[in-house]
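Peer 1: What follows is a structure written as structure tokens; I'll ask about it next.
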Amino acid sequence: MKRLRNSRYWYSMLPGKDSEPVVSDSRVDGDEDAETDSESDERHRLLHQSRKTYWGSLGWNLAAALLPALYSTLSKLWVANLDASHVVTTDVYTYISTVAEVLNEGLPRTAWLIIGDEDNRSLRSRISLSYTLVVFQTLMGLIMSIVFVAAAESFAASFVPREVRQSSLNYVRVSAPVALSSAIQVAVSSCTRALDKPDVPFVISLIGVVCNIVLDFLIISNFHVGSFKPTILMQAGIRLACDMTSALVGLGYFIYLATRIQRQHEESEERVRPNIKALIVLARPAMYTFTESAIRNALYLWIVSTIIGLGQDYATAWGVFNTIRWGLIMVPVQALQNSTLTFIGHRWGHWRKQKEAGERKPAATWKDVKTIIRPAIVSTLLSIAVEVPLCLFLSFWGMKEFAYYLSNSDEVARITRTMWRNIDWCYIFYAIDYQLAAILLATVPRWYLYQSLGSNFLWMLPWAIVVTVVKMSQTEAWKFYSIIFGGSLVFSCLNVALVLGLWIWRLMQGKVRLPPVVTRTS
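For the sequence shown, position 494 (counting from the first letter as 1) is numbered 494 according to UniProt numbering, and the numbering increases by one without interruption.
Here it is as structure tokens:
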């Protein structure tokens, strides 16, 4: 750890036999001595290696998270200018994505543990696992898209206010294939981050956002070309086309990189293909991540459906609130967690390799634990440093004005500001929870499920029953919802800290049962 702290690029990817050479300080390996005479070659090498460091990956992940958040905000501005009454309709995209998230948080969230294990898995194995993950997710995304199209009326009945429900059916149908595009995007992004290629998710985000902004400006903005009248269906169609384009471009870029990596590191000309064995390897830990996501998102949508039942203003305000939440507050938190997951996955695999292959309950020292969880601690401190001033700024100055621009409604802006001021401080706990939970997700997903069950069954489920049974007026409704959502953030943070502490204690006692260590040919 002392060497890591003193090195220029600490949190570098731990070296494996078939991985690219990694430099943890300013020195260059012997094979590259000839190139060090050239300052430009050295800068190029450091730029290439930056993707394999915590700080380098954080930069890529921050850019990849910021771009979609920016467009999500802009899209509401376009629709508010077209028809303020249909701003709430655009939230259909969000709720379809939330349902699809159950699929996207199953297999893809095993990438950090399985594909990120560079010390115990060969490069061919990791790429084969990646191909398998992408193919499976694409097929599941296609099936889910067909289901959404067929069930458009039922979906609209649950997540679109009565006032605009009938006119929003076509928007639901056009937005349904987001399940397919998001499945491809998430699968490719998870695999490439685990393979230390965070530039691929950035390319996906960049292509999608640039295409969306250009086409929106040309077709549905106040300055659009032609004499036609833009509609929200045009916005949905543009977004779908751009999402699919970015997903396919990202997939092509991933295949290109995977092919090039194999040629650089392997003598075998045999092509790597997806296979059933790889799917089984991914499916074992995915049982826990899929179950966790299904329970969490089901309870969330259950409670959200009761908010939508309060009327169009509250439904719109909740959508605007979420746009601001995910467009500003969660961008740095997500980027930090992605880097945390990547490097904890690497460090966990390195620690497992140091133990005997047949040892199912290895004991860790306190030094081992600190080495494994250090990226999460750094991410936690950074997230607090960012979230505290951001939350204060929105509470005192920016929330109402921002909400008005996104909704073009004074009433919606007022409700949104009230929502935020009641629970703003709770998002500091959420930022901490996000990073600490990443430790369990990237090491032992079973324990990640345990902490989630505690939060959802002990807090969210009882409140979901209450808001369904008790009929509340609009004037008193948000008092309950602020307790539900704000309390959930605080409770989850305390819960994950407790479970994490128990996990560390049991790991140091050698009482955590782990799957067998694979060989490098697996």
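Note that the Cβ used here is the ideal one computed from N, Cα and C, for glycine as well.
#1: If I'm right that THR289 touches THR110 with Cβ under 8 Å, what's the distance once you round it to whole angstroms?
#2: Just to confirm the assignment, what range does the alpha helix (DSSP H) spanning LYS400 have?
#3: State buried or exposed for LYS197, treating a residue as buried only when at least 16 other CB atoms are found within 10 Å of its CB.
#4: Output needed for ALA403: all residues of its chain with C-beta closer than 6 Å, excluding positions within five of it in sequence on either side, in chain order.
#5: Can you say whether PHE136 is buried or exposed, counting buried as having 16 or more other CB atoms within 10 angstroms of its CB?
#6: Could you give the distance in angstroms between the alpha-carbon of MET508 and the alpha-carbon of PRO362?
#7: For GLY250, which three-state DSSP category applies?
#8: Mapping DSSP to helix, strand and coil, what is TRP112?
#9: Using a threshold of 8 Å, state whether the C-beta atoms of SER383 and GLN451 are closer than that.
#10: So the alpha helix (DSSP H) SER175 belongs to, where does it begin and stop?
#11: Under 7 Å Cβ to Cβ from ASN212, same chain only, skipping five residues before and after it: list those, please.
#12: For LEU107 and PHE148, I'd like the C-alpha separation in whole angstroms.
#13: Touching or not, the segment 421-432 and the segment 379-395, by the rule of three or more beta carbon pairs under 8 Å?
#14: Where does ALA241 fall in DSSP's three states?
#15: At the level of alpha carbons, what is the spacing between LEU233 and PHE155?
#16: Would you say ARG61 and ASN338 are within 8 Å of each other, going by their C-beta atoms?
#17: How about the segment 492-508 and the segment 442-459: do they share at least three Cβ pairs that are nearer than 8 Å?
#18: Rounded to whole angstroms, what's the CA-CA distance from GLU32 to GLY116? Just pull it up for me.
#19: Under three-state DSSP, which class holds VAL225?
#20: Give the straight-line distance between the Cα atoms of TYR93 and VAL172, rounded to the nearest whole angstrom.
#21: Could you have a look at THR416 and say whether DSSP puts it in helix, strand or coil?
#22: Let me check understanding here. Comparing Cα to Cα, which of LEU441, ARG513, MET330 lies closest to VAL386?
#23: In or out: GLY510 buried (at least 16 other Cβ within 10 Å) or exposed?
#24: Would you kindly work out how many angstroms separate the C-alpha atoms of ALA278 and LEU66, rounded to a whole number?
#25: Between ALA187 and SER473, what straight-line distance do the alpha-carbon atoms span, to the nearest angstrom?
#26: So, GLY141 versus ALA183, is the Cβ gap smaller than 8 Å?
#27: Buried or exposed: where does residue 527 fall if 16 or more other Cβ atoms within 10 Å of its Cβ makes it buried?
#28: What would DSSP say about TRP425, mapped onto helix, strand or coil?
#29: Is the segment 158-178 in contact with the segment 212-226, if contact means three or more CB pairs nearer than 8 Å?
#30: VAL459 and MET419: beta carbons closer than 8 Å?
#31: If you drop the 5 nearest sequence neighbours on each side, which residues of the same chain put their C-beta closer than 8 Å to that of PHE159?
#32: Within the continuous alpha helix (DSSP H) that includes GLY487, where are the two ends?
#33: State the DSSP-derived secondary structure class of ASN275, mapped to helix, strand or coil.
#34: Can you grab the Cα-Cα spacing for the pair TRP351 / VAL79, in whole Å?
#35: Specify, as a first and last residue, the run of the alpha helix (DSSP H) that ASN61 falls within.
Peer 2: So, to answer that:
#1: Here the question's residue 289 lines up with position 289 in the sequence shown. Here the question's residue 110 lines up with position 110 in the sequence shown. Between THR110 and THR289 the Cβ distance is about 6 Å, and since that is below 8 Å, they are a contact.
#2: Here residue 400 is taken as the residue at index 400 of the sequence shown, counted from 1. Taken as a continuous stretch (DSSP letters only), the alpha helix (DSSP H) holding LYS400 covers 399-407.
#3: Taking the first residue of the sequence shown as 1, we reach residue 197 at position 197. So LYS197 ends up on the buried side.
#4: Taking the first residue of the sequence shown as 1, we reach residue 403 at position 403. The answer, listed in chain order, is VAL320, ALA413, THR416.
#5: In the sequence shown, residue 136 corresponds to position 136, counting from 1. Under this definition PHE136 is a buried residue.
#6: Taking the sequence shown and counting its residues from 1, the one referred to as residue 508 is at position 508. Taking the sequence shown and counting its residues from 1, the one referred to as residue 362 is at position 362. One Cα belongs to MET508, the other to PRO362, and the distance between them is close to 8 Å.
#7: For this step, residue 250 is matched to residue 250 along the sequence shown. Reduced to three states, the DSSP call for GLY250 is helix.
#8: The sequence position of residue 112 within the sequence shown is 112, counting from 1. It is coil, neither helix nor strand.
#9: Within the sequence shown, numbered from 1, the residue matching residue 383 stands at position 383. Within the sequence shown, numbered from 1, the residue matching residue 451 stands at position 451. Not closer than 8 Å, so no.
#10: As a position in the sequence shown, residue 175 is number 175, starting the count at 1. Counting along the chain, the alpha helix (DSSP H) containing SER175 begins and ends at 169-175.
#11: Your numbering for residue 212 matches position 212 in the sequence shown. Cβ within range, chain order: TYR71, ILE238, ARG239, CYS242.
#12: For this step, residue 107 is matched to residue 107 along the sequence shown. For this step, residue 148 is matched to residue 148 along the sequence shown. Rounded to whole angstroms, LEU107 to PHE148 spans 21 Å at the Cα level.
#13: Three or more pairs of CB atoms, one per stretch, sit closer than 8 Å, so the segment 421-432 contacts the segment 379-395.
#14: Sequence index remark: in the sequence shown, residue 241 carries index 241 (1-based). Helix, per DSSP.
#15: By one-based count along the sequence shown, residue 233 stands at place 233. By one-based count along the sequence shown, residue 155 stands at place 155. Between LEU233 and PHE155, the C-alpha separation is close to 17 Å.
#16: Working through the sequence shown from its first residue, we reach residue 61 at position 61. Working through the sequence shown from its first residue, we reach residue 338 at position 338. For clarity, residue 61 is Asn in the given sequence; the question names Arg instead. Closer than 8 Å, so yes.
#17: yes
#18: Start at 1 with the first residue of the sequence shown, and residue 32 comes out as number 32. Start at 1 with the first residue of the sequence shown, and residue 116 comes out as number 116. Bear in mind that a pLDDT of 43 at GLU32, under 50, signals an unreliable position, so the number given afterwards is only what the model happens to contain. Distance between the alpha carbons of GLU32 and GLY116 is about 26 Å.
#19: Locating residue 225 in the sequence shown gives position 225, counting from the first residue. In the three-state reduction of the DSSP assignment, VAL225 falls in the coil class.
#20: As a working mapping, residue 93 is identified with position 93 in the sequence shown. As a working mapping, residue 172 is identified with position 172 in the sequence shown. Cα to Cα, TYR93 sits roughly 8 Å from VAL172.
#21: In the sequence shown, residue 416 corresponds to position 416, counting from 1. Helix at THR416.
#22: Within the sequence shown, numbered from 1, the residue matching residue 386 stands at position 386. Here the closest residue by C-alpha is MET330.
#23: Here the question's residue 510 lines up with position 510 in the sequence shown. Exposed, because fewer than 16 other Cβ atoms sit within 10 Å of the Cβ of GLY510.
#24: Within the sequence shown, numbered from 1, the residue matching residue 278 stands at position 278. Within the sequence shown, numbered from 1, the residue matching residue 66 stands at position 66. Their Cα atoms are separated by approximately 33 Å.
#25: Taking the sequence shown and counting its residues from 1, one reaches residue 187 at position 187. Taking the sequence shown and counting its residues from 1, one reaches residue 473 at position 473. ALA187 and SER473: Cα-Cα distance of roughly 42 Å.
#26: Residue 141 sits at position 141 when you count from the first residue of the sequence shown. Residue 183 sits at position 183 when you count from the first residue of the sequence shown. It is a contact, given that the beta carbons lie within the stated cut-off.
#27: Lying before the first or after the last residue shown, residue 527 is absent from the chain, which here runs from 1 to 522.
#28: Position 425 of the sequence shown, counting from 1, holds the residue named residue 425. Correct three-state label for TRP425: coil.
#29: No, they do not touch.
#30: Mapped onto the sequence shown, residue 459 falls at position 459. Mapped onto the sequence shown, residue 419 falls at position 419. Before going on, a small fix: residue 459 reads as Trp here, not Val. Contact: no.
#31: Numbered from 1 along the sequence shown, position 159 holds the residue referred to as residue 159. Closer than 8 Å at the Cβ level, and outside the excluded window around PHE159, lie ASP91, VAL92, TYR95, LEU301, VAL304, SER305, ILE308.
#32: Along the sequence shown, one-based indexing puts residue 487 at 487. Looking at the DSSP string, the run of the alpha helix (DSSP H) that includes GLY487 is 474-508.
#33: Position 275 of the sequence shown, counted from the start, is the residue given in the question as residue 275. Judged by DSSP in its simplified three-state form, ASN275 adopts coil rather than helix or strand.
#34: Residue numbering aside, residue 351 sits at position 351 when the sequence shown is read from its first letter. Residue numbering aside, residue 79 sits at position 79 when the sequence shown is read from its first letter. When rounded, the distance between both Cα atoms is 51 Å.
#35: Your numbering for residue 61 matches position 61 in the sequence shown. Start and end: 54-82.
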